[in-house]
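Asks: Handing you a structure now.
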Amino acid sequence: MGDEFGADDRVGVGGRSDLDRLDLYRYATADDPAVRGQYIAIMGLFADTLLTDLSAAEVAAQLAERGVGLALDDVETRCRQLEGWGNLVRSVRDNRVATVADFLRSRSRYQVSKLGGRVHRQVADLLRATTGVRDVARELLGGMVETLDRIQPRLSDATGSVDAEALAADVTTLFTSQQLFTDSVRDFYAYLHQVLSRYDLVGDEYAAFKELLLSYVDLITADVARHSPAVAARAAALIDHLDTLLEVLATLPTMTSPDGSPAERLPGRTRADWEEFAAWYGGHDGRSGPQQLRAAAEQALGQLLANAKRMLAAAGTGVSRRGDLLRLARWFADAEANAETEKAHRLFAAAFGVYPARHLLLGPDEVSPRASASTSWWDADPVDVPVSLRERGDRAARGRTARVPDVAMEREIQLAEARAERERDEAAAAELIAAGVLDRVRIAPAARDMALDRLGELLAMGQDDSDALEWADTDLGFILHARRAPARSSVIHALDGDLTIDGLILEVTAIDSAASGSAPGAATGTDG
Numbered sequence: 278m279g280d281e282f283g284a285d286d287r288v289g290v291g292g293r294s295d296l297d298r299l300d301l302y303r304y305a306t307a308d309d310p311a312v313r314g315q316y317i318a319i320m321g322l323f324a325d326t327l328l329t330d331l332s333a334a335e336v337a338a339q340l341a342e343r344g345v346g347l348a349l350d351d352v353e354t355r356c357r358q359l360e361g362w363g364n365l366v367r368s369v370r371d372n373r374v375a376t377v378a379d380f381l382r383s384r385s386r387y388q389v390s391k392l393g394g395r396v397h398r399q400v401a402d403l404l405r406a407t408t409g410v411r412d413v414a415r416e417l418l419g420g421m422v423e424t425l426d427r428i429q430p431r432l433s434d435a436t437g438s439v440d441a442e443a444l445a446a447d448v449t450t451l452f453t454s455q456q457l458f459t460d461s462v463r464d465f466y467a468y469l470h471q472v473l474s475r476y477d478l479v480g481d482e483y484a485a486f487k488e489l490l491l492s493y494v495d496l497i498t499a500d501v502a503r504h505s506p507a508v509a510a511r512a513a514a515l516i517d518h519l520d521t522l523l524e525v526l527a528t529l530p531t532m533t534s535p536d537g538s539p540a541e542r543l544p545g546r547t548r549a550d551w552e553e554f555a556a557w558y559g560g561h562d563g564r565s566g567p568q569q570l571r572a573a574a575e576q577a578l579g580q581l582l583a584n585a586k587r588m589l590a591a592a593g594t595g596v597s598r599r600g601d602l603l604r605l606a607r608w609f610a611d612a613e614a615n616a617e618t619e620k621a622h623r624l625f626a627a628a629f630g631v632y633p634a635r636h637l638l639l640g641p642d643e644v645s646p647r648a649s650a651s652t653s654w655w656d657a658d659p660v661d662v663p664v665s666l667r668e669r670g671d672r673a674a675r676g677r678t679a680r681v682p683d684v685a686m687e688r689e690i691q692l693a694e695a696r697a698e699r700e701r702d703e704a705a706a707a708e709l710i711a712a713g714v715l716d717r718v719r720i721a722p723a724a725r726d727m728a729l730d731r732l733g734e735l736l737a738m739g740q741d742d743s744d745a746l747e748w749a750d751t752d753l754g755f756i757l758h759a760r761r762a763p764a765r766s767s768v769i770h771a772l773d774g775d776l777t778i779d780g781l782i783l784e785v786t787a788i789d790s791a792a793s794g795s796a797p798g799a800a801t802g803t804d805g
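Per my numbering, residue 278 is the first one in the sequence shown, and the count goes up by one each step.
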């Protein structure tokens with residue numbers, strides 16, 4: 278796992294590894310909703326203003342003013358837990374106090390950490406965001422062209438002096454605009470996909486969404502088509518002066534962490550940032566941003582047309598059952614309001630066909646049927662449902678008619694299997710005839726199984742008290758003799774084990790011409 282994420286040896290601020298930073302989100306995902314709300318309220322107190330320094334008592338008082346009642350001990354517990362996750366840090370404050378208790382209370386003061394504040398801003402943005410559509414900041418494209426037009430002349434100033442502060446302001450404005458534009462585009466197309474995936478988009482809702490899609494997407498596409506070539510050309514020209522630009526930006530004051538590591542830089546201060554920016558507008562092979570936007574617009578319009586075709590299908594009724602489902606839901610609501618449970622059960626069974634599990638039809642004949650009218654659906658074999666019925670709800674044939682299969686090959690295979698089975702049975706019968714008395718003999722497992730099968734049939738048919746029984750198999754040409762001998766046991770050896778038969782002596786003889794008149798499978802008794 279360390280090779281995949283690179284988190285085994287990498288340590289972030291405060292000695293926390295990269296994956297341990299995910300604990301910063303734990304306060305917003307607490308299992309108890311009440312505790313989750315308390316954590317969010319406490320983090321809101323610390324993150325709302327700069328350098329907020331609060332003790333547990335002050336946090337409890339301010340929470341009470343906001344309508345969140347929480348005991349002082351619980352507030353202290355929550356703050357310590359947030360400190361353990363890295364959202365809060367202890368505040369160092371030199372207070373003049375009169376007692377030891379006041380000194381201890383004054384040391385229990387907290388401030389929000391850097392990553393904790395960033396995480397809470399993300400959580401707050403998520404809670405404020407809506408699931409509806411978000412405007413695309415398309416007006417920033419023209420502003421980025423103007424910003425790029427200012428950057429290159431600053432680098433090639435005839436006086437030889439470059440205004441580093443103005444240059445840094447333009448670079449920061451450019452990359453901030455790019456980030457805001459791409460984020461708004463992602464949110465907009467994610468919303469489009471969310472709505473287009475709905476199968477119940479009909480009526481006025483569909484008309485409003487169609488208007489939004491046709492007008493707004495066309496507007497975005499037009500703005501991107503107009504401004505992206507200018508941005509790409511200026512960014513490509515600026516790549517040649519990139520070393521000078523980075524050198525000028527490097528002359529501005531910056532900070533260094535206490536451990537000697539460089540501070541987190543703003544975007545646009547490295548070569549990789551500029552190369553990524555230029556590739557977003559001037560890339561090829563479908564990886565550039567404008568190409569992705571055009572592909573997303575085409576996909577959205579295609580899905581819109583597919584929905585229109587669906588609504589116009591089936592003589593104007595469409596496949597959508599939104600109105601029917603709403604009416605059914607109203608019936609269920611009325612049944613629940615009137616406590617008519619039995620009516621709701623009958624309504625559900627009639628609407629969805631969930632009647633008791635019974636086999637109304639046995640289906641096509643099978644060689645060895647495994648399901649009968651009393652077999653439960655849980656125990657029965659699954660039924661193959663045609664693809665057209667499973668996916669489209671109809672049995673209409675699609676595509677060309679399949680060719681009639683040639684059964685000649687299958688017939689030859691079945692005949693070959695029958696001949697092989699016949700040869701195996703004849704070989705087993707010949708081995709039994711050669712063995713004679715089946716006691717202390719070694720035969721093949723197939724011959725042993727044949728003798729055991731015939732003995733079972735013999736005992737099942739000869740239920741009298743005769744001391745000797747016979748079973749004639751005229752098809753394979755042998756007779757199985759069974760003579761009762763209470764004090765004897767017959768043992769048959771085979772490769773896969775031994776068979777012991779108590780109280781019987783077995784013998785197999787061939788059917789000669791004198792005994793050929795016996796009926797097949799006849800069981801006869803003699804007097805020993």
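Backbone N, C-alpha and C define an ideal beta-carbon position, used for all residues, glycine too.
1) Opposite Tyr387 in the DSSP bridges: which residues?
2) Could you tell me whether the segment 461-472 touches the segment 437-446, where touching means 3 or more Cβ pairs closer than 8 Å?
3) What would DSSP say about Val312, mapped onto helix, strand or coil?
4) Where in the segment 706-787 do unbroken runs of the beta strand (DSSP E), each at least 3 residues long, occur, reported from the N-terminal end onward?
5) Under the three-state reduction of DSSP, which class applies to Pro539: helix, strand or coil?
6) Leaving aside the five residues before and after Gly330 along the sequence, list all residues of the same chain whose C-beta is less than 8 Å from its C-beta, in chain order.
7) Leaving aside the five residues before and after Gly394 along the sequence, list all residues of the same chain whose C-beta is less than 8 Å from its C-beta, in chain order.
8) Which residue marks the beginning of the alpha helix (DSSP H) containing His518, and which one marks its end?
9) Grouping DSSP H, G and I as helix and E and B as strand, with all else coil, what is Thr533?
10) For Ser651 and Pro659, I'd like the C-alpha separation in whole angstroms.
11) Helix or strand or just coil, what does DSSP make of Ala697?
12) I'd like to check one pair, Thr498 with Arg411: are the Cβ atoms closer than 8 Å?
13) Just to confirm my understanding: we take Leu519, look at its own chain, exclude 5 residues before and 5 after, and list those with CB closer than 8 Å. What are they?
14) Quick one, which of Asp308, Arg415, Gly361 has its alpha-carbon nearest Asp297's?
15) Using the rule of at least 16 other Cβ atoms within 10 Å of the residue's Cβ for burial, across every protein chain shown, is Ser332 buried or exposed?
16) Compare the Cα-Cα distances from Phe486 to each of Val396, Leu781, Gly409, Pro430 and report the closest residue.
17) Whether or not the segment 722-731 and the segment 773-793 are in contact is what I'm after, with contact meaning three or more pairs of Cβ atoms, one per stretch, closer than 8 Å; do they touch?
18) Start and end of the alpha helix (DSSP H) containing Tyr558?
19) Hey, His504 and Val422 are a contact pair by Cβ (cut 8 Å); roughly how many whole angstroms apart?
20) Is the CB-CB distance between Leu746 and Leu783 below 8 Å?
21) Taking the CB atoms as reference points, tell me whether Ala540 and Thr533 lie closer together than 8 Å.
22) Tell me whether the segment 451-460 and the segment 416-430 touch, counting them as touching only if at least three CB pairs, one residue from each stretch, are closer than 8 Å.
23) Find out if the Cβ-Cβ distance for the pair Tyr466, Ala573 is shorter than 8 Å.
24) Mapping the DSSP letters down to three states, classify Pro682 as helix, strand or coil.
25) Flag this pair as yes or no: are the beta carbons of Ile317 and Leu359 separated by less than 8 Å?
26) Ignoring anything shorter than 4 residues, give me the alpha helix (DSSP H) runs that lie fully in the segment 415-494, in order along the chain.
27) Rounding to the nearest angstrom, what Cα-Cα distance links Leu781 and Thr751 in this structure?
28) Whose C-alpha, out of Ser565, Arg355, Val664, Gly754, is nearest the C-alpha of Val508?
29) Output yes or no for whether 8 Å exceeds the beta carbon distance between Asp402 and Arg511.
30) Using the rule of at least 16 other Cβ atoms within 10 Å of the residue's Cβ for burial, across every protein chain shown, is Val785 buried or exposed?
31) Tell me the residue span of the alpha helix (DSSP H) that contains Trp362.
32) Report all residues from its chain with a CB closer than 8 Å to the CB of Arg431; omit the five preceding and five following residues, and keep chain order.
Replies: On the basis of the data shown:
1) Leu331, Arg367
2) no
3) helix
4) Runs found: 745-750, 755-771, 774-787.
5) strand
6) According to the sequence displayed, residue 330 carries Asp and not Gly. Ser368, Arg370, Arg386, Tyr387, Gln388.
7) Setting aside the 5 residues that flank it on each side, Gly394 is surrounded in the same chain by Phe323, Ala324, each with a C-beta closer than 8 Å to its C-beta; the list follows chain order.
8) Counting along the chain, His518 falls outside any alpha helix (DSSP H), and DSSP gives it neither H nor E.
9) strand
10) Between Ser651 and Pro659, the C-alpha separation is close to 16 Å.
11) Residue state for Ala697 is assigned as helix, using DSSP reduced to three classes.
12) no
13) Arg548, Trp551
14) Gly361
15) buried
16) Gly409
17) Output reads yes: the segment 722-731 touches the segment 773-793.
18) 548-559 is the span of the alpha helix (DSSP H), which, as asked, contains Tyr558.
19) Right, their Cβ atoms sit about 6 Å apart.
20) no
21) yes
22) yes
23) yes
24) coil
25) no
26) 416-432, 441-473, 480-489
27) 23 Å
28) Ser565
29) no
30) buried
31) 349-362
32) If you ignore the 5 residues before and after Arg431, its C-beta comes within less than 8 Å of the C-beta of Val439, Asp440, Ala443, Leu444, Asp447, all in its own chain and listed in chain order.
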